[in-house]
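Trainee:
Following this line, the structure appears as structure tokens:
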């Protein structure tokens, strides 16, 4: 079976969009992750507001540390979005071909999106774990990717995989809502011939709305995952004498419930929505605007390769 060029185009434009949005919003992502990872202890907490993380970086002269782990995050983001968009587009086209339908219902769309998300989570989990540890390390103390992953066992690199698989429902909900709203909007605007793409503003608005819905529904699992993957607060000397304690989902849930109560599961929700809505909206807006150019570029490369192969055969 040859390469699915349309799926490849979708994957490439999605990955590029993810790379750009991740880089632009990375300082906000670092502040959000450090804020989420902290649990109130003995009635005290270091970060009372999201802005406290930002001001700490400024007051300690570690502003550049707001970008710690950016390379790993970009690598993880690029690979995950490429795998997700390729899988989503490929499974969607395969479903339409096998079923003979012209459109995909909500239920089938959710299943396809969840399947693509599961494949993505398994492939990129070590990078996801490493980026979370690097972001939650003390400012100026973050280590490189290989050093971060080598601090524990290989299984530690897959910390939070179970929750990541559960959270495949997040992009499944997001992209299903986005696709359904996009289809209805374009059909409503149809006059003679349908528009080829959404406007940048409408793509941004639909992306923000769809991500907000998905984030509110899945947030408790998101916070538990961040806490499982967060870097240990022990100093380097303590780490040498004590092995890294294994964090479990049950232990994290108990800690949040005991120290912060039911509302603790939603600590940082506003920061999560702000970051993920802006990121996803930017991603989808960029993807919509470059998808046509990406498709033309892939066809041009394919044509060039076919012509080159033809010349070699005739030579």
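Numbering (my numbering), first residue to last: 981 to 1295. Built from N, CA and C at the ideal position, the CB exists for glycine as well. The structure presented is a predicted model; accordingly, all values stated were derived computationally and were not measured.
Exposed or buried, residue 1097, counting other C-beta atoms within 10 Å across all chains shown (16 or more means buried)?
Mentor: Residue burial is scored here from C-beta neighbours: residue 1097 has at least 16 other C-beta atoms within 10 angstroms and is therefore classed as buried.
Trainee: According to DSSP, is residue 1056 helix, strand or coil?
Mentor: helix
Trainee: So is residue 1074 buried or exposed if we call it buried at 16+ other beta carbons inside 10 Å?
Mentor: exposed
Trainee: Taking its Cβ as the centre, do 16 or more other Cβ atoms sit within 10 Å of residue 1106, making it buried, or is it exposed?
Mentor: buried
Trainee: In whole angstroms, give me the CA-to-CA distance for residue 1050 and residue 1079.
Mentor: 42 Å
Trainee: Please work out which residues of its chain come closer than 6 Å, Cβ to Cβ, to residue 1017, disregarding the five sequence neighbours upstream and downstream, and give them in chain order.
Mentor: 1116, 1206, 1207, 1210
Trainee: In angstroms, rounded to a whole number, what distance separates the CA positions of residue 1272 and residue 1263?
Mentor: 15 Å
Trainee: Going by CA-CA distance only, name the one from 996, 1168, 1187, 1163 that's closest to residue 1055.
Mentor: The option with the nearest alpha carbon to residue 1055 is 996.
Trainee: Quick one: complete alpha helix (DSSP H) runs, 4+ long, within the stretch 1055-1117?
Mentor: Those alpha helix (DSSP H) runs which fall completely within the stretch 1055-1117 and span 4+ residues are 1086-1116.
Trainee: Would you decide whether residue 1137 is buried or exposed? Buried here means 16 or more other CB atoms lie within 10 Å of its CB.
Mentor: buried
Trainee: When you compare each of 1237, 1143, 1081, 1082 to residue 1201 by their alpha carbons, which one comes out closest?
Mentor: 1143
Trainee: Cα-Cα, which of 1099, 1282, 1258, 1015 is closest to residue 1181?
Mentor: Residue 1258 is the option with its Cα nearest to residue 1181.
Trainee: Using a Cβ-Cβ cutoff of less than 7 Å, which residues in the same chain neighbour residue 1162 once the five nearest sequence positions on both sides are dropped?
Mentor: 1178, 1186
Trainee: Return the residue from the list 1083, 1261, 1140, 1126 that minimises the CA-CA distance to residue 1192.
Mentor: 1261
Trainee: So, for residue 1246: in the same chain, excluding its five sequence neighbours on each side, which residues have a beta-carbon less than 8 Å away from its beta-carbon?
Mentor: 1199, 1200, 1203
Trainee: Would you call residue 1287 buried or exposed, if buried means 16 or more other Cβ atoms sit within 10 Å of its Cβ?
Mentor: exposed
Trainee: For residue 1001 and residue 1254, I'd like the C-alpha separation in whole angstroms.
Mentor: 13 Å
Trainee: Taking the alpha-carbon positions, what's the residue 1066 to residue 1081 distance?
Mentor: 20 Å
Trainee: Could you give the first and the last residue of the continuous alpha helix (DSSP H) run that contains residue 1228?
Mentor: It is not in any alpha helix (DSSP H) - residue 1228 carries neither H nor E in the DSSP assignment.
Trainee: Let me confirm a value: residue 1089 is counted as buried when at least 16 other C-beta atoms fall within 10 Å, else exposed. Which label applies?
Mentor: So residue 1089 counts as buried.
Trainee: Does the distance from the CB of residue 993 to the CB of residue 1048 come in under 8 Å?
Mentor: No, they are not a contact pair.
Trainee: So the alpha helix (DSSP H) residue 1006 belongs to, where does it begin and stop?
Mentor: 1006-1017 is the span of the alpha helix (DSSP H), which, as asked, contains residue 1006.
Trainee: In this structure, how does DSSP classify residue 1127 when only helix, strand and coil are distinguished?
Mentor: helix
Trainee: In the structure shown, what three-state DSSP assignment does residue 1245 receive?
Mentor: helix
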